[in-house]
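Presented below is the structure to which this report refers.
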């Protein structure tokens, strides 16, 4: 086992909240090798040559032929088979490399949606759950782009509650086919897909299964009709339709995995979709930021470029800090997943089983990154519009499309509200199962807030000693409130969604702030303190923001359920655990902005 794998296998999903992570245990984007960077450059070159010059044409296309044709070209370059093993016609890249591809292609607006739906939720169910015959039959054609894929889960009455779908599958009298009837909606690539991953409940002797079953359905099977493309707020070039299955006969050998395993497939595939969406959102944000920086350098008011004004510098720097944070955390998770996959394989698991178990282990972090990445993209495009000023509101300027296209990401792959609820729910469930020792640390924190504060100082020569103490205290704040909420509400905590959302916001900020700090610490260890001073500024600015957000979310949670002495004690504890030394963040932002302005691009 590699040193990295040895380090990472000791880290469990969600354990960051109760266990300190060292910089040596994480992967940072600066460690991508030359081959990986060349792959990302190929993706960006493809967008620059084939997609960006045709964005208007893509959005206004009357048929799906244009997007389908671009998918063909992407397939010729191998961009559709990055995660597919070599024996099935792909490149067999590791998870973090596939994350890098998702980021690099994420700036393609509607095209990126089509590509990610095909390579992710359209292809991966077969890769991870298909038998050898199914993999051999479908994966080579999906990897090459000869066949396009779509994923059919959502129905008019089943969105977040996916397992409530009403599409039915009934075994034919001769036992050779399942006859499927039902309606699916919001199906990306629906108008040109050749293969559909469809979820239905099997009905037998008048009884309907409790859980979904997944099927691989080819368009050639017949019995499939569709509406015209949906008229959407954004991603207008993405072919999104309602599909109807009318006595669609599916060979029994096209059942994917086992009967009743469909909901589990859907959940696990969504884990992958969530972390990949964070990477794609990052790619989109970087392009918007670069456009805003370039415009700020070109646009002149009062005799100078608007990039020289402090208010604009503040915006450009904040955009950079937020993206840097998402990037730091996303590739930290990606490497966690990669190392656990390797560890599982060395224990004898198959490649598919190892990947599924590793992704399931880090499902908490996947949900965290989905929320953070999508909200950072929304922040960046909103500020991008503001930097452009009046031109930002013009449909002739790039911010118009970016603003509309970004909005879907907070809904895709489970709404951000659902993902926030999931973050806390998964942590608490693992605690109840004994997989995470939350109550021990939470009890210790409860005792600490009644004791005399520790005013001892850390050794100055330890890099980021003070900042690491801040992170440790933020974790204590989250544990204190989570422990009190569990004691107060017990099994009814799930009904207190507002409090759960507050806790999720605390956990998300803690994870991302720690990731940024560890990234900068590791980079300094590799390159030396003077290599990129602005990275320290990034970490400092984000940490201050995280402290503020944790304090606000914590106060909202505490005042939602605590009273009298308990309220006063917990607020006192929160104040103690959300302290940070004041710093001149204005100058830090200006240093970052000056770096961006000098290069007229987002280059971090």
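In the working numbering, the protein residues as written are 114 to 717.
For each residue, glycine too, the CB sits at the ideal point set by N, CA and C.
The model shown is predicted, which means the values in this text are computed figures rather than measured ones.
{"query": "Nearest to residue 575 by alpha carbon, out of 135, 470, 440?", "result": "135"}
{"query": "Can you give the Cα-Cα distance for residue 119 and residue 715, rounded to whole angstroms?", "result": "Unreliable positioning characterises residue 119 in this predicted model, as indicated by a pLDDT of 44, which lies under 50. The coordinate reading is nonetheless provided below. For residue 119 and residue 715, the distance between alpha carbons rounds to 35 Å."}
{"query": "Have a look at residue 221 and residue 590 and give me their C-alpha separation to the nearest angstrom.", "result": "40 Å"}
{"query": "Going residue by residue through the stretch 597 to 674, where are the continuous alpha helix (DSSP H) segments of at least 4 residues, counting only ones entirely within it?", "result": "610 to 640, 646 to 674"}
{"query": "Between which residues of its own chain and residue 647 is the CB-CB distance below 7 Å, once the five residues before and five after are set aside?", "result": "704, 705, 708"}
{"query": "Out of 530, 692, 478, state which residue places its alpha-carbon closest to the alpha-carbon of residue 584.", "result": "692"}
{"query": "What residue does the alpha helix (DSSP H) around residue 61 start on, and which one ends it?", "result": "As displayed, the chain neither begins before 114 nor continues past 717, which places residue 61 out of reach and without an answer."}
{"query": "Please state whether DSSP places residue 678 in a helix, a strand or coil.", "result": "helix"}
{"query": "Could you have a look at residue 282 and say whether DSSP puts it in helix, strand or coil?", "result": "strand"}
{"query": "Have a look at residue 150 and residue 486 and give me their C-alpha separation to the nearest angstrom.", "result": "21 Å"}
{"query": "With a CB to CB cut of under 7 Å and the five nearest residues on each side skipped, what residues in its chain are close to residue 261?", "result": "181, 184, 231, 302, 305, 306, 307"}
{"query": "Can you tell me the Cα-Cα spacing of residue 132 and residue 432, whole angstroms?", "result": "30 Å"}
{"query": "Applying the criterion that 16 or more other CB atoms from any shown protein chain within 10 Å of the CB defines a buried residue, is residue 416 buried or exposed?", "result": "exposed"}
{"query": "Between residue 659 and residue 587, which are expected to be in contact by the criterion C-beta below 8 Å, what is the C-beta distance as a whole number of angstroms?", "result": "7 Å"}
{"query": "Could you tell me the boundaries of the beta strand (DSSP E) in which residue 141 lies?", "result": "That residue, residue 141, is in no beta strand (DSSP E); it is neither H nor E in DSSP."}
{"query": "Suppose you measure from the CA of residue 233 to the CA of residue 677; what does that come to, to the nearest Å?", "result": "51 Å"}
{"query": "Are the CB atoms of residue 327 and residue 281 nearer to each other than 7 Å?", "result": "no"}
{"query": "Start and end of the beta strand (DSSP E) containing residue 298?", "result": "290 to 301"}
{"query": "Are the stretch 481 to 499 and the stretch 390 to 406 touching by the rule of at least three beta carbon pairs closer than 8 Å?", "result": "yes"}
{"query": "Could you tell me whether the stretch 619 to 637 touches the stretch 440 to 455, using the rule of 3 or more Cβ pairs below 8 Å?", "result": "yes"}
{"query": "Report the rounded CA-to-CA distance for residue 700 versus residue 694, giving the unit in angstroms.", "result": "16 Å"}
{"query": "Between which residues of its own chain and residue 212 is the CB-CB distance below 8 Å, once the five residues before and five after are set aside?", "result": "388, 389, 392, 443, 444, 447"}
{"query": "Answer yes or no: do residue 346 and residue 523 have a C-beta to C-beta separation smaller than 7 Å?", "result": "no"}
{"query": "For the beta strand (DSSP E) containing residue 314, list its first residue and its last residue.", "result": "308 to 317"}
{"query": "Please state if the CB of residue 480 and the CB of residue 532 are separated by a distance shorter than 7 Å.", "result": "yes"}
{"query": "Out of 513, 596, 564, 263, which one is the CA nearest neighbour of residue 553?", "result": "596"}
{"query": "Just the C-alpha distance for residue 504 and residue 510, rounded to the nearest angstrom, thanks.", "result": "6 Å"}
{"query": "Starting from residue 353, trace the beta strand (DSSP E) in both directions and tell me its first and last residue.", "result": "353 to 364"}
{"query": "Between 335, 198, 225, which has its C-alpha nearest residue 515's C-alpha?", "result": "225"}
{"query": "Counting only the same chain and skipping the five closest in sequence on each side, list residues whose C-beta sits under 6 Å from that of residue 561.", "result": "none"}
{"query": "Would you mind working out which of 163, 414, 600 sits nearest residue 541, comparing C-alpha positions?", "result": "600"}
{"query": "Just grab the DSSP bridge partners of residue 268 for me.", "result": "271"}
{"query": "Which residue wins for smallest C-alpha separation from residue 426, given the options 189, 539, 408?", "result": "408"}
{"query": "Please say whether residue 242 and residue 310 have beta carbons closer to each other than 7 Å?", "result": "no"}
{"query": "Taking only the alpha-carbon atoms, compute the straight-line gap between residue 366 and residue 466 and give it to the nearest angstrom.", "result": "21 Å"}
{"query": "In whole angstroms, what separates the C-alpha of residue 333 from that of residue 269?", "result": "25 Å"}
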